[in-house]
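Now the structure itself:
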């Protein structure tokens, strides 16, 4: 989800043949990492994976913010400059009730679950699914040096709790703090590797993945679970980004199009499980994809633009670095992905 501050890039390959080019000259390197468990978030009322939506040229857009999130009618006005209002009606929302959760399955009491940020609860669910997809048992994971890198951006649930200071509980401190997202996962599954929350705005998930690759490369851990969560629970951040002028009035991302006028905010939760490629091959794991390299940088102070603007030089440099580290020819890639403001 790169956009606001940092430029980031990763290069990956997928499929059965890991090295289709010059495979007789390739060796399995500890600088390459196997993704064992992709977990694609489901958007809006579309229950298909994102890949299906893309192939069928459909959108998961929700025309109007669901009433379960906040009362959009109390804030919407066509004039985005009107005080206390903004001109964005919709977005992309998960088609499920965020309050639904089975605390007993994770060894959590109902009272504690009540005070947990829905992002904590949803991350526990997708992380479990990632482990399950990788063919792992809870006994295998418990006590392992598996690292946990969780990405986030907003803290809507925490902001909601601050508005009711007289209605607090002793479990609120650990339930609403975004800094506990990774520790919650590590605690529930008894993971003893590094446990870190990453917040670099819209690029948080890419940075979490990059940090996980670095931890694997330096042998701080033997495996890592990487997750990201973005839930839209209050009007505050929605209004902030609308006032900033980065949201599309139609809540639509017209990427690579002359009609582009901003992006639509979206909810999503996902997780993947990573190992060093050499270890995954040795263990006979179900390899879904291979990360050949990951790199990051920052725009610094780009001339003539503000802090939220993407810098073309920074993006070009980080992409070149990623390709150089991976040994891949950009012309050999069949698919390239980008974010809504056309960042790689």
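In full-length UniProt numbering, the protein residues as written are 1 to 344.
Beta carbons: idealized from backbone N, C-alpha and C, even for Gly.
Within 9 Å, strictly: CB atoms of residue i and residue j
| i | j | result |
| --- | --- | --- |
| residue 205 | residue 146 | no |
| residue 281 | residue 287 | yes |
| residue 107 | residue 235 | no |
| residue 185 | residue 127 | yes |
| residue 101 | residue 121 | yes |
| residue 228 | residue 151 | yes |
| residue 209 | residue 111 | no |
| residue 191 | residue 141 | yes |
| residue 321 | residue 70 | no |
| residue 93 | residue 215 | no |
| residue 276 | residue 217 | yes |
| residue 193 | residue 258 | no |
| residue 157 | residue 118 | yes |
| residue 35 | residue 289 | yes |
Residues near residue i by beta carbon distance below 7 Å, same chain, minus five either side
| i | result |
| --- | --- |
| residue 351 | Coverage of the chain is limited to positions 1 through 344, which leaves residue 351 absent and any answer about it impossible. |
| residue 213 | 33, 291, 294 |
| residue 211 | 149, 196, 198 |
| residue 174 | 180 |
| residue 64 | 72, 89, 90 |
| residue 260 | 254 |
| residue 251 | 61, 88, 89, 90, 91, 264 |
| residue 327 | none |
Three-state secondary structure (DSSP) of residue i
| i | result |
| --- | --- |
| residue 241 | helix |
| residue 183 | helix |
| residue 141 | helix |
| residue 153 | coil |
| residue 76 | strand |
| residue 211 | helix |
| residue 35 | strand |
| residue 226 | strand |
| residue 133 | helix |
| residue 221 | coil |
| residue 172 | helix |
| residue 101 | coil |
| residue 50 | helix |
| residue 234 | coil |
| residue 195 | strand |
| residue 113 | helix |
| residue 89 | coil |
| residue 123 | helix |
| residue 333 | coil |
Cβ neighbours of residue i in the same chain (closer than 8 Å, five flanking residues each side left out)
| i | result |
| --- | --- |
| residue 87 | 76, 77, 78, 79, 80, 242, 249 |
| residue 159 | 234, 236 |
| residue 314 | 7, 297, 298, 299, 300, 302 |
| residue 131 | 37, 138, 141, 189, 225, 273 |
| residue 163 | none |
| residue 68 | 97, 98 |
| residue 244 | 308 |
| residue 109 | 103 |
6 Å CB neighbourhood of residue i in its chain, flanking five on each side removed
| i | result |
| --- | --- |
| residue 311 | 299, 302 |
| residue 155 | 178 |
| residue 85 | 75, 77 |
| residue 23 | Reliability fails at residue 23, whose pLDDT of 33 lies under 50, so the model's placement of it is uncertain and no value is given. |
| residue 330 | 323 |
- Please go through the region 245–328 and give each complete beta strand (DSSP E) segment of 3 or more residues, from N-terminal end onward. Counting only runs of 3 or more, we get 268–276, 289–298.
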